[in-house]
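Participant: Its first residue numbered 0, the sequence shown is counted upward by one per residue in numbering that gives the first Met the number 0.
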Amino acid sequence: MKKILVTGAAGFIGSNFVRRVLDLRPDWEILVVDALTYAGNLENLSGLKEKHGARYRFERADIRKTEDVEKVLRDEKFDGVFHFAAESHVDRSILGPLTFVETNVLGTVNLLEAVRKYQDIAGTRFLHISTDEVYGALGKDGFFTETTPLNPSSPYSASKASSDMFVLAYHRTYRLDTVITRCCNNYGPLQFPEKLIPFMIKRALYGEPLPVYGDGKNVRDWIHVDDHNDGTLLAFEKGKPGEVYNLGSRCEKNNIEIVTLIIEKLSALMREREDFRTPEIAFVKDRPGHDFRYAIDPAKAESELGFSPAVSFEDGMERTVRWYLENRGWWEKIISGEYMEFVKKLYGEKG
Ligand code: NAD
Ligand code: TYD
0 MKKILVTGAA GFIGSNFVRR VLDLRPDWEI LVVDALTYAG NLENLSGLKE
50 KHGARYRFER ADIRKTEDVE KVLRDEKFDG VFHFAAESHV DRSILGPLTF
100 VETNVLGTVN LLEAVRKYQD IAGTRFLHIS TDEVYGALGK DGFFTETTPL
150 NPSSPYSASK ASSDMFVLAY HRTYRLDTVI TRCCNNYGPL QFPEKLIPFM
200 IKRALYGEPL PVYGDGKNVR DWIHVDDHND GTLLAFEKGK PGEVYNLGSR
250 CEKNNIEIVT LIIEKLSALM REREDFRTPE IAFVKDRPGH DFRYAIDPAK
300 AESELGFSPA VSFEDGMERT VRWYLENRGW WEKIISGEYM EFVKKLYGEK
350 G
């Protein structure tokens, strides 16, 4: 039996990860810790206790608090820590950078410290989930490789780059067994409806214009969340200590292409609904410091880990748009604030 700790798994990528790993690795047990911020939703983990029994546990813990982190890592030994917990939204980081420093930088160092203090340095692998945004922006040509210098633009990416540096420092200084993955933009079910794809689906269903920043020509490399999670698992199982692996899917799209595809898919799926009107794109003020293009060269992950994304963009987007249509209750509860009321009730006013 392997025992792993997963932080931030009430969020989008982590919850998909935990569901997948409990199915794919029947001899693993998982402790999830999450602070349940606005982005963490216990509903994303529903049914896991019933399905997997003692192999799945949840504890509320805030990685910004040393005492929370120590309590989790003091008394149990883990074979691995998968660190997903983060403040993850660029636009929020522009409005208020400090929480990003507290969670992404201080929170990560708190975790690293507790692993160093209480875990077996050689026996606990620390898998740090990072992002291609740490490399900054590309022009029309070229790709990020693992040796591209870090050059972050937003407070979000600056905080992630800082946390990457601490992870590397803990490997070099204390010989912690660390692996960093830097993935491109994820899409799929359970993504918080502030990110481009679910946000546009929600607006379209409410008959609102779709706000595209600037001229909409900014490019992102898009990957289905299951492919990212398979890459994370491969990095944990096959990655070399102290290494960084870029996870990309060679699937570059500009924002207009994405939004147009969403309009097409929704129009097809909703064609019999008289209350659905084809939404319009509205070009709005650009995001400050908006990175023009992200694109990853995943050659190292392909050759060293055997990484190979399986979900085509066409199929993945079809399934994703359908998921948000079929799970309207999930995102409507979140945006109506009902979910935060529930957390308050469950955990008291501090929630
Ligand atoms: P998310 O915002 O959906 O989820 C983040 C989770 O972390 C939430 O459950 C939240 O409650 C939890 N959390 C936040 N602050 C915490 C704290 N102080 N203590 C404990 N838990 C806390 O984010 P996501 O999109 O699932 O991203 C997960 C990870 O993947 C992040 O580290 C992010 O940087 C990285 N990443 C995301 C993408 C993407 O496209 N979304 C791409 C590459 C890398
Ligand atoms: P986002 O999902 O916030 O991810 P990131 O900024 O981490 O790449 O945004 C993806 C792209 O979509 C990015 O270029 C910004 C753009 N965007 C819009 O044009 N309008 C929007 O309302 C949002 C949320 C994003």
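For glycine and all other residues, C-beta sits at the position ideal for the given N, C-alpha and C.
Buried or exposed for Asn326, please, with buried defined as at least 16 other CB atoms from any protein chain shown within 10 angstroms of its CB.
Facilitator: Here residue 326 refers to the residue found at position 327 of the sequence shown. Answer is exposed; the Cβ neighbour count stays below 16.
Participant: For Asp225, which three-state DSSP category applies?
Facilitator: Here residue 225 refers to the residue found at position 226 when the sequence shown is read from its first residue. Helix.
Participant: Any idea what DSSP makes of Gly350, helix, strand or coil?
Facilitator: On the sequence shown, position 351 is the one that residue 350 refers to. Model confidence at Gly350 stands at a pLDDT of 42, short of 50, so the residue's coordinates are unreliable; what they give is reported in the following sentence. Coil.
Participant: Does the distance between the C-beta of Lys343 and the nearest non-hydrogen atom of ligand 3 fall short of 8 angstroms?
Facilitator: This structure lacks ligand 3; the ligands present are ligand 1 and ligand 2.
Participant: Look up Asn43 in the DSSP assignment and give the residues it is bridged to.
Facilitator: Residue numbering aside, residue 43 sits at position 44 when the sequence shown is read from its first letter. Partner(s): none; Asn43 has no beta bridge.
Participant: Using alpha carbons as the reference points, say which of Phe191, Gly52 and Phe99 lies closest to Ser15.
Facilitator: Locating residue 15 in the sequence shown gives position 16, where the first residue counts as 1. The sequence as given places Asn at residue 15; Ser does not occur at that position. Out of Phe191, Gly52 and Phe99, Phe191 has the C-alpha closest to the C-alpha of Asn15.
Participant: Which residues mark the beginning and the end of the alpha helix (DSSP H) in which Glu354 is found?
Facilitator: The chain is shown only over 0 to 350; residue 354 falls outside these bounds and no answer can be derived.
Participant: Of all Cβ atoms in chain C, is any one closer than 9 angstroms to the Cβ of Val71?
Facilitator: You won't find chain C in this structure, because it holds only one protein chain.
Participant: Tell me whether Lys2 sits in a helix, a strand or coil according to DSSP, three-state version.
Facilitator: Taking the sequence shown and counting its residues from 1, one reaches residue 2 at position 3. In the structure shown, Lys2 falls within a strand segment according to DSSP collapsed to helix, strand and coil.
Participant: Given a threshold of 16 other Cβ atoms within 10 Å of its Cβ, counted over all protein chains shown, does Gly206 qualify as buried or as exposed?
Facilitator: Position 207 of the sequence shown, counted from the start, is the residue given in the question as residue 206. Flag for Gly206 reads exposed.
Participant: Contact defined as beta carbons within less than 8 angstroms: I believe Arg63 pairs with Leu105. What is the distance between those atoms, to the nearest angstrom?
Facilitator: Residue numbering aside, residue 63 sits at position 64 when the sequence shown is read from its first letter. Residue numbering aside, residue 105 sits at position 106 when the sequence shown is read from its first letter. Right, their Cβ atoms sit about 6 angstroms apart.
Participant: Report the start-end ranges of each alpha helix (DSSP H) in the segment 48-102 that is 4 residues or longer and not cut off at the edges.
Facilitator: 65-73 and 89-94
Participant: Give the list of continuous alpha helix (DSSP H) stretches no shorter than 4 residues that lie fully inside the segment 135-180.
Facilitator: Whole alpha helix (DSSP H) segments, 4+ residues: 154-173.
Participant: Would you call the CB atoms of Val224 and Tyr186 closer than 9 angstroms?
Facilitator: On the sequence shown, position 225 is the one that residue 224 refers to. On the sequence shown, position 187 is the one that residue 186 refers to. Against a cut-off of 9 angstroms, the Cβ pair of Tyr186 and Val224 comes out as a contact.
Participant: Give the DSSP-derived three-state secondary structure of Ser302 in the structure shown.
Facilitator: Reading the sequence shown from its first residue, position 303 is the one you call residue 302. Helix, per DSSP.
Participant: So, for Lys159: in the same chain, excluding its five sequence neighbours on each side, which residues have a beta-carbon less than 8 angstroms away from its beta-carbon?
Facilitator: For this step, residue 159 is matched to residue 160 along the sequence shown. Hits under 8 angstroms: Ala85, Asn103, Ser129, Thr130, Glu132, Val133 and Pro151.
Participant: What did DSSP end up calling Pro210 once you bin it into helix, strand or coil?
Facilitator: Taking the sequence shown and counting its residues from 1, the one referred to as residue 210 is at position 211. The answer is strand: DSSP assigns Pro210 an E or B state.
Participant: In whole angstroms, give me the CA-to-CA distance for Phe165 and Leu175.
Facilitator: For the purposes of this step, residue 165 is taken as residue 166 along the sequence shown, with counting starting at 1. For the purposes of this step, residue 175 is taken as residue 176 along the sequence shown, with counting starting at 1. Those two C-alpha atoms are separated by around 11 angstroms.
Participant: How would you write the range of the alpha helix (DSSP H) that Asp119 sits in, first residue to last?
Facilitator: One-based indexing of the sequence shown puts residue 119 at position 120. Counting along the chain, Asp119 falls outside any alpha helix (DSSP H), and DSSP gives it neither H nor E.
Participant: Measure how close the beta-carbons of Ile257 and Leu195 come, nearest whole angstrom, since I'm counting them as under 8 angstroms.
Facilitator: Translated into the one-based positions of the sequence shown, residue 257 becomes position 258. Translated into the one-based positions of the sequence shown, residue 195 becomes position 196. Indeed they touch by this definition, with Cβ atoms about 6 angstroms apart.
Participant: What does the Cβ neighbour count give for Asp67, buried or exposed, with the cut at 16 atoms within 10 Å?
Facilitator: The residue given as residue 67 occupies position 68 in the sequence shown. Result: buried.
Participant: Alpha helix (DSSP H) containing Asp22: first to last residue?
Facilitator: The sequence position of residue 22 within the sequence shown is 23, counting from 1. That run of the alpha helix (DSSP H) goes Phe11 to Leu23.
Participant: Quick one: what does DSSP say Ser266 is sitting in, helix, strand or coil?
Facilitator: In the sequence shown, counting from the first residue as 1, residue 266 sits at position 267. Helix, per DSSP.
Participant: Is His223 near ligand 1 - that is, is its Cβ less than 8 angstroms away from at least one heavy atom of it?
Facilitator: Locating residue 223 in the sequence shown gives position 224, counting from the first residue. No, since every heavy atom of ligand 1 falls outside the 8 angstroms radius drawn around the Cβ of His223.
Participant: Just confirm the distance between the C-beta atoms of Ala294 and Asp220, as a whole number of angstroms; I'd bet it's less than 8 angstroms.
Facilitator: Residue mapping note: residue 294 aligns to position 295 of the sequence shown, counting from 1. Residue mapping note: residue 220 aligns to position 221 of the sequence shown, counting from 1. Right, their Cβ atoms sit about 5 angstroms apart.
Participant: Cα-Cα, which of Ile255, Lys284 and Leu167 is closest to Gly213?
Facilitator: Walking along the sequence shown from the start, residue 213 turns up at place 214. Ranking the options by Cα distance to Gly213, first place goes to Lys284.
Participant: Alpha carbons only, please: which of Phe275, Asp274 and Leu94 is nearest the one belonging to Gly288?
Facilitator: Position 289 of the sequence shown, counted from the start, is the residue given in the question as residue 288. Here the closest residue by C-alpha is Leu94.
Participant: Based on the DSSP output, what are the partners of Ile128 in its beta bridges?
Facilitator: Reading the sequence shown from its first residue, position 129 is the one you call residue 128. DSSP links Ile128 through a beta bridge to Thr180.
Participant: Just the C-alpha distance for Asn43 and Tyr117, rounded to the nearest angstrom, thanks.
Facilitator: Counting from one through the sequence shown, the residue named residue 43 turns up at place 44. Counting from one through the sequence shown, the residue named residue 117 turns up at place 118. In a straight line, the C-alpha of Asn43 is about 30 angstroms away from that of Tyr117.
Participant: Considering only heavy atoms of ligand 2, does any lie closer than 8 angstroms to the CB of Tyr212?
Facilitator: By one-based count along the sequence shown, residue 212 stands at place 213. Checking every heavy atom of ligand 2 against the Cβ of Tyr212, one is found closer than 8 angstroms.
Participant: Please indicate yes or no: does the CB of His227 lie closer than 8 angstroms to some heavy atom of ligand 1?
Facilitator: Here residue 227 refers to the residue found at position 228 of the sequence shown. Yes, the Cβ of His227 comes within 8 angstroms of a heavy atom of ligand 1.
Participant: Is Glu337 helix, strand or coil when you go by DSSP?
Facilitator: Locating residue 337 in the sequence shown gives position 338, counting from the first residue. Correct three-state label for Glu337: helix.
Participant: Taking the beta carbon of Ser161 as the centre, do at least 16 other beta carbons fall within 10 Å, making it buried, or is it exposed?
Facilitator: For the purposes of this step, residue 161 is taken as the residue at position 162 of the sequence shown. By the 10 Å Cβ count, Ser161 comes out buried.
Participant: Can you list, in chain order, the residues of its chain whose CB lies under 8 angstroms from that of Lys237, leaving out five sequence neighbours each side?
Facilitator: Residue mapping note: residue 237 aligns to position 238 of the sequence shown, counting from 1. The answer, listed in chain order, is Glu303, Leu304 and Gly305.
Participant: From Arg73 to Glu112, what does the alpha carbon distance come to, in whole angstroms?
Facilitator: To locate residue 73, count along the sequence shown from 1; it is residue 74. To locate residue 112, count along the sequence shown from 1; it is residue 113. Answer to the nearest angstrom: the Cα atoms are 11 angstroms apart.
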